[in-house]
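Sequential numbering of the sequence shown, starting at 1, is according to UniProt numbering.
Backbone N, C-alpha and C fix where the C-beta goes; we use that ideal spot for every residue, glycine too.
Since the model is a prediction, treat every value here as computed from it, not as a measurement.
Working notes for the structure below.
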Amino acid sequence: MSTTAASTSHHLSPAFPGRAPWGTASKLRAWQQGALDKYIQEQPRDFLAVATPGAGKTTFALTLASWLLHHHVVQQVTVVAPTEHLKKQWAEAAARIGIKLDPEYSAGPLSREYHGIAVTYAGVGVRPMLHRNRIEQRKTLVILDEIHHAGDSRSWGEACLEAFEPATRRLALTGTPFRSDTNPIPFVTYEEGNDGIRRSSADYTYGYGNALSDGVVRPVIFLSYSGNMRWRTKAGDELEARLGEPMTKDAVSQAWRTALDPRGDWMPNVLRAADQRLSEVRKGIPDAGALVIAADQDSARAYAKLIREITGNKATLVLSDEAAASQRIEDFSHSDDRWMVAVRMVSEGVDVPRLAVGVYATTISTPLFFAQAVGRFVRSRRRGETASVFLPTIPMLLGFAGEMEVERDHVLDKPKKDGEEENPYAEEEKLLEEAEKQQDEDTGEQDQLPFEALESDAVFDRVLYDGAEFGMQAHPGSDEEQDYLGIPGLLEPDQVQMLLQKRQAKQIAHSRKKPDAEADLLELPAERRPVVTHKELLELRKQLNTLVGAYVHQSGKPHGVIHTELRRVCGGPPSAEATAGQIRERIKKVQEWATRMR
């Protein structure tokens, strides 16, 4: 069977695909060949291939399209992509192997020089019958790129079903097959598990973990920054919090947006650190580029201005999914420029392989969006390349960073709450609706929690790599921060791990030599400073209240008196505002008091 499949690409350009990974077939990567072998053996009408961003879904799909055309299984191809830019990108990639797709098709007969068309999901949504009529006239392969977008709205899903139901073959592709909502994805098979929940079932899966082992994608170093945030609420109250400390959801959202405010100190310090990291990476990868993923147009413009002030160089600014924006991305991709700032459109599918450094400067907090955003930096061109992504110390984001290799499926049914397993994405459903809206400039975040950012600062917090955490807190510009920013950009994965361990050991040794009075930051290794979620904080408060209640009976003192005494002895605000560390101190103290009275 492999001999049969190998012959499929004999008539392709010798340069396609341009980048074969190490130790795989001469023309196709091992996973691409494996998926192709399975398809040719089974000859299914519908096929869902899940492959991590950067693994080469386009190459697989076009090689398969070439085989199907060559063997007269189909007579034409229709590619459906999420955006105008990706539609054109597909047409360009297809042209390189001799498949001509018209990305400007609108209606009427197709010119004989073309093998098919490239359209967007929105375009299909507007005129589904136009595409159905074309497909009914000739045997057609429909390639549905990032097919989870077909579930973005009921009208899009219905339009896809109406338009492509008669297709001879349908190939669905995605790097992130999971959604937090329960909109069914057209032409995807759902299988019921032992828990009674239906989940998407892929015909071939090639996850990030596998791609990392094969050297097809880069390993990602996440650099997390904390800091103090101060803001004014709609009610006029001034609040202050430190990123990474447990807070309510509203407080996390407001502290996060305060950090991303370009008028504070957090963003300039993080952009400066990211630019230093880029300089280090460019020593080994001379054309390496960096990308800021911004929340809205105003922020993107402000970040571009900051980059100009910090670096002296102009950043490429991409504000919307228009022709000019697509051209700017294309120009940046083929240039040697250092920085690009973009609103949401670059989060998925856009191929700029030289991107190696990223700044996650949006408050979209869904696993889907995060995976797509990080996917912009993982395309590997040569062995030893690493990607570096800068994040605010937000528990949810650090959780996503630590779970990069987890494969997820789309859950179609909402689990029942009466004693049954709860939906792991339930809390994020509202946020996902925002993340998946078809608008590039403004995700509506600004209207959720009216507030005024007053002040922010940045503190280097930790490095996350391969599920482990490294580093002690350090001030921007310090030697300790430079130790992590200066990690070489070309290293094998095990070398990265070893170097991070050495950097942390050096920090710890230096910290021990300093007098305690000089320590103005929490000088503990990252693994001893767990980022606590709001849920975990509630459990700590509950534990404290239980212990105080027990001590009330033991001592005869009222609850309020004991809490006041704990605050006096341990310091800090009332329990409702206390940090996890402060509550743990009080738990320890009340346990000590109770032991003495026995």
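TODO: Please report the residue range of the beta strand (DSSP E) in which S224 lies.
DONE: Element bounds for S224: 220 to 226.
Task: Exposed unless 16 or more other CB atoms sit within 10 angstroms - verdict on S13 - done: Unreliable positioning characterises S13 in this predicted model, as indicated by a pLDDT of 34, which lies under 50. A coordinate reading is not provided.
Task: Assigned exposure category for Q372 - 16 Cβ within 10 Å defines buried - done: Burial state of Q372 is buried, judged by a 10 Å Cβ sphere holding 16 or more other Cβ atoms.
TODO: State the beta-bridge partners of A294 as determined by DSSP.
DONE: According to DSSP, A294 bridges with A361.
- [ ] Return helix, strand or coil for F187, following the three-state DSSP convention.
- [x] Coil at F187, not helix or strand.
Task: Whole-angstrom distance between R308 and S456, CA atom to CA atom - done: Between S456 and R308, the C-alpha separation is close to 21 Å.
Open item on the list: For A509 and G572, what's the separation of their Cα atoms in angstroms?
Closed with: Using only the alpha carbons, I get a separation of about 30 Å.
- [ ] Mind the definition here: the segment 37 to 46 touches the segment 353 to 370 only if three or more C-beta pairs lie below 8 Å; say whether that holds.
- [x] Segments in contact, no.
Open item on the list: Please classify K27 as buried or exposed, where buried requires at least 16 other C-beta atoms within 10 Å of its C-beta.
Closed with: The residue is buried, with at least 16 neighbouring Cβ atoms inside 10 Å.
TODO: Check whether the Cβ atoms of Y225 and A273 sit closer than 9 Å, and answer yes or no.
DONE: For Y225 and A273, yes; Cβs fall inside 9 Å.
Open item on the list: Is it buried or exposed, L524, if we count other Cβ atoms within 10 angstroms and call 16 or more buried?
Closed with: A residue is called buried when at least 16 other Cβ atoms come within 10 angstroms of its Cβ; L524 does not meet this threshold and is exposed.
Open item on the list: Which complete alpha helix (DSSP H) runs does the segment 454 to 498 hold, if anything under 4 residues is left out?
Closed with: Unbroken alpha helix (DSSP H) runs of no fewer than 4 residues, entirely contained in the segment 454 to 498, are found at 479 to 485, following chain order.
TODO: Kindly list the residues whose CB is nearer than 6 Å to the CB of E481, restricted to its own chain and excluding five residues on each side of it in sequence; keep chain order.
DONE: These residues qualify, in order along the chain: F460, A474.
Task: Spatial neighbours of G549 in its chain, beta-carbon cut-off 8 Å, leaving aside the 5 residues before and after - done: Non-local beta-carbon contacts of G549 in its own chain, meaning distances under 8 Å to residues more than five positions away in sequence, involve H559 in chain order.
Open item on the list: So, under 8 Å CB-CB, V50 and K139 are touching, yes? Tell me the CB distance rounded to an integer number of Å.
Closed with: Beta-carbon to beta-carbon, V50 and K139 are separated by about 26 Å, too far to satisfy the 8 Å threshold.
Open item on the list: At the level of alpha carbons, what is the spacing between P103 and S388?
Closed with: In this structure, the CA atom of P103 is about 34 Å from the CA atom of S388.
- [ ] Would you decide whether G108 is buried or exposed? Buried here means 16 or more other CB atoms lie within 10 Å of its CB.
- [x] Here G108 is exposed. Its C-beta has fewer than 16 other C-beta atoms within 10 Å.
Task: Within 9 Å, strictly: CB atoms of G175 and P53 - done: Taking 9 Å as the cut-off, the beta carbon of G175 is found closer than this to the beta carbon of P53.
Open item on the list: Buried or exposed for L538, going by 16 or more other Cβ atoms inside 10 Å?
Closed with: Flag for L538 reads exposed.
- [ ] In the DSSP assignment, find the unbroken beta strand (DSSP E) run with M129 in it and report its ends.
- [x] No beta strand (DSSP E) contains M129, which is instead part of the alpha helix (DSSP H) from 128 to 137.
TODO: Have a look at R462 and E469 and give me their C-alpha separation to the nearest angstrom.
DONE: When rounded, the distance between both Cα atoms is 7 Å.
Open item on the list: Less than 9 Å between the C-beta atoms of D271 and Q297, yes or no?
Closed with: Correcting the residue identity first, residue 271 is Leu in this sequence and not Asp. Not a contact, by the Cβ cut-off of 9 Å.
TODO: Check R29 in the structure and name its three-state DSSP category.
DONE: Assigned with DSSP and collapsed to three states, R29 falls in coil, not helix or strand.
Open item on the list: Rounding to the nearest angstrom, what Cα-Cα distance links E420 and N194 in this structure?
Closed with: With a pLDDT of only 37 at E420, under the threshold of 50, the placement of this residue in the model should not be trusted; the figure read from the coordinates follows. Each residue's Cα considered, the two are about 12 Å apart.
Open item on the list: If contact is defined by three or more beta carbon pairs under 8 Å, each pair taking one atom from either stretch, is the segment 495 to 504 in contact with the segment 284 to 295?
Closed with: Taking one beta carbon from each stretch, the segment 284 to 295 and the segment 495 to 504 have fewer than 3 pairs nearer than 8 Å; the two do not touch.
Task: Cross-strand partners of F60 (DSSP beta bridge) - done: Looking at the DSSP assignment, F60 forms no beta bridge with any residue, so it has no partner.
Task: Inter-residue Cα distance where the pair is D261 and R383 - done: Cα to Cα, the separation comes out at about 37 Å.
Open item on the list: Can you give me the C-alpha to C-alpha distance between V569 and L464, rounded to a whole angstrom?
Closed with: Between V569 and L464, the C-alpha separation is close to 36 Å.
TODO: Count the CB pairs spanning the segment 331 to 345 and the segment 244 to 257 that are closer than 8 Å, and state whether there are at least three.
DONE: No contact exists between the segment 331 to 345 and the segment 244 to 257.
TODO: Please name the residue or residues paired with Y204 in a DSSP beta bridge.
DONE: Among the bridge pairs identified by DSSP, Y204 is matched with A49.
Task: Presumed contact (8 Å Cβ cut-off) between I310 and P353, rounded CB distance - done: Contact flag wrong, Cβ pair sits at about 25 Å.
Task: As assigned by DSSP and simplified to three states, the class of I285 - done: Note: I285 maps to coil in three-state DSSP.
Open item on the list: Checking 9 Å against the spacing of the C-beta atoms, do G486 and A356 come in under that value?
Closed with: Against a cut-off of 9 Å, the Cβ pair of A356 and G486 comes out as no contact.
Open item on the list: I need the DSSP call for S380, collapsed to helix, strand or coil.
Closed with: S380 sits in coil when the DSSP states are folded into three classes, being neither helix nor strand.
- [ ] Take L130 as the anchor and find which of A159, D287, I147 has the nearest alpha-carbon.
- [x] Checked all of A159, D287, I147; the closest Cα to L130 is A159.
Task: Three-way DSSP call (helix, strand, coil) for V252 in this model - done: The answer is helix: DSSP assigns V252 an H, G or I state.
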